[in-house]
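Taking it in order: structure first as structure tokens, then the write-up.
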Amino acid sequence: MPESEDPMADPIFNTPSFEAYDLLMNRRSVKTRDMCEPGPDRETLEKILAAGMRVPDHGKLAPWRFIVLTGDARARLGKVITDGLIAEWETSQKTAEKMSGYATQSPALIIAVYSPNDSRPIPEWEQQLSTGAACQNMLVAATALGYAAQWLTGWASYSKYVAKALKMTKQEKIAGFMFFGSHSRQPTERPRPDPADHVTWGWPADAVE
Ligand SMILES: Cc1cc2nc3c(=O)[nH]c(=O)nc-3n(C[C@H](O)[C@H](O)[C@H](O)COP(=O)(O)O)c2cc1C
């Protein structure tokens, strides 16, 4: 049999990786306030982004784009958020300034932007799911590479002011502010759903009207 036809040639398939499964079962977010230096360097961020883009994507639309902020660029986002709070909510300068540190909470920030693509008739819902998968893959990849990560949204992700400053189109939405760094203390575990409460084995009983 030629090597290319050998079903065992690609070690990803048919070979269990208990390490990968353990990572999935133990991964958890680290709160941004518990993040510290060092953050992932450029090469590591590229790896995280590459994993983010390697997700199921109906129609191969790649309905996302990513804005990477490190160093001083993060403070610029903090200023935009502060100004946006004042402009959109008439928040007082003093209160708004409390948000100026939002983007500098971690050494690196990736803004995951949902960017729908209408070149093929794929429902937007599916494109959104693919974008969510990209965000999750980045969390998993960062953890695998030894970094802390957290996915946040909040007011700024829905702000027209912030969207305009980031040069987003009207169709685009912020799927998440993805924070990356090291962790300064052990993250606490949170209660996890009991699979029994969310799984039906076999045919579902009467549908709820
Ligand atoms: C789309 C999305 C937005 C979220 N936004 C926030 C947020 O703004 N603030 C927050 O405390 N948690 C937010 N979370 C929850 C955290 O990312 C995360 O689920 C939680 O901190 C712990 O989950 P984990 O340990 O499984 O990562 C968000 C989650 C998702 C999926």
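For what it's worth, the numbering used here labels the leading residue of the sequence shown as 23, then goes sequentially. Beta carbons are placed, not taken as given, at the ideal position from N, Cα and C, and that holds for glycine.
Quick one: residues in its chain with C-beta nearer than 7 Å to the C-beta of Arg-55, no 5 flanking neighbours on either side, listed in chain order? Result list for Arg-55: Gln-127, in chain order.
Any residue with its Cβ nearer than 5 Å to a heavy atom of ligand 1 should be included. What is that list in chain order? Ordered along the chain, the selected set is Arg-50, Ser-51, Trp-173, Leu-174, Thr-175, Gly-176.
Find out if the Cβ-Cβ distance for the pair Val-52, His-205 is shorter than 7 Å. yes
Spatial distance of Phe-35 from Gly-176 (CA atoms): 39 Å
Would you list the residues sitting across from Met-200 in a DSSP beta bridge? Paired residue(s): Ile-132, Trp-173.
Would you list, in sequence order, the uninterrupted beta strand (DSSP E) runs of no fewer than 3 residues that lie entirely inside the segment 48-130? 86-92
Counting C-beta neighbours from all protein chains within 10 Å, is the total for Tyr-43 16 or more, i.e. buried, or is it exposed? By the 10 Å Cβ count, Tyr-43 comes out exposed.
Should Thr-222 be labelled buried (16 or more other beta-carbon atoms within 10 Å of its own) or exposed? exposed
Please check the pair Ala-163 and Ile-70, which I expect to be a contact at CB under 8 Å, by giving their CB distance rounded to whole angstroms. By a beta-carbon distance limit of 8 Å, Ala-163 contacts Ile-70. Their separation comes to about 5 Å.
Locate the alpha helix (DSSP H) running through Thr-153, then write down its first and last residues. 146-166
Locate the alpha helix (DSSP H) running through Ala-187, then write down its first and last residues. That run of the alpha helix (DSSP H) goes 182-187.
Using only alpha-carbon positions, find the residue among Glu-146, Asp-94, Trp-111 that is nearest to Tyr-124. The residue from Glu-146, Asp-94, Trp-111 with its alpha-carbon nearest to that of Tyr-124 is Asp-94.
Buried or exposed for Ser-137, please, with buried defined as at least 16 other CB atoms from any protein chain shown within 10 angstroms of its CB. Label assigned to Ser-137: buried.
Whole-Å CB distance - Leu-83 paired with Ser-141, under 8 Å assumed: 7 Å
At the level of alpha carbons, what is the spacing between Lys-12 and Ala-218? The chain is shown only over 23 to 231; residue 12 falls outside these bounds and no answer can be derived.
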